[in-house]
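Taking my numbering, the leading residue of the sequence shown gets 2, the next gets one more, and so forth. Cβ atoms here follow ideal geometry from the backbone N, Cα and C, with glycine treated the same way.
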Amino acid sequence: MGSLEEVLRSAADASENKDLRRLFDTVLPRISEKIYSVLEKYPYLVDLAEEVSRIKRYSIENLEGLLKQAMDSVVRVG
2 MGSLEEVLRS AADASENKDL RRLFDTVLPR ISEKIYSVLE KYPYLVDLAE EVSRIKRYSI
62 ENLEGLLKQA MDSVVRVG
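#1: If you draw a straight line from the alpha carbon of Ala15 to that of Glu6, how long is it in whole angstroms?
#2: How about Leu67 and Ser60: do their beta carbons lie closer than 8 Å?
#3: Would Leu46 pass as a contact of Leu40 if the rule is Cβ separation under 8 Å?
#4: Can you give me the C-alpha to C-alpha distance between Asn63 and Gly79, rounded to a whole angstrom?
#5: Using a Cβ-Cβ cut-off of 6 Å (strictly less than) and excluding sequence neighbours within five positions of Tyr43, which residues of its own chain qualify?
#6: Report the rounded CA-to-CA distance for Tyr37 versus Met72, giving the unit in angstroms.
#7: Compute the Euclidean distance between the alpha carbons of Ile32 and Leu21, then round it to the nearest angstrom.
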């Protein structure tokens with residue numbers, strides 16, 4: 002995946018594409034309905050998603066230390 006700037010540029014370009022815009026307008030409401038249906042049935046998924054997001058942010062913020070810890074473990078185990 003590219004940088005945030007590249008992603009935003011791609012999204013902006015896509016939003017100007019009439020065919021793609023029509024596809025999004027058709028598909029997104031259906032997908033949204035399915036997502037809400039799943040979340041009603043399995044409400045704990047929201048909490049799990051938030052926990053995954055928290056762990057991801059922590060991992061990115063502490064990447065160097067976590068990589069060092071992993072490498073030290075690999076060296077120790079052999």
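Short version:
#1: 14 Å
#2: yes
#3: yes
#4: 24 Å
#5: none
#6: 42 Å
#7: 16 Å
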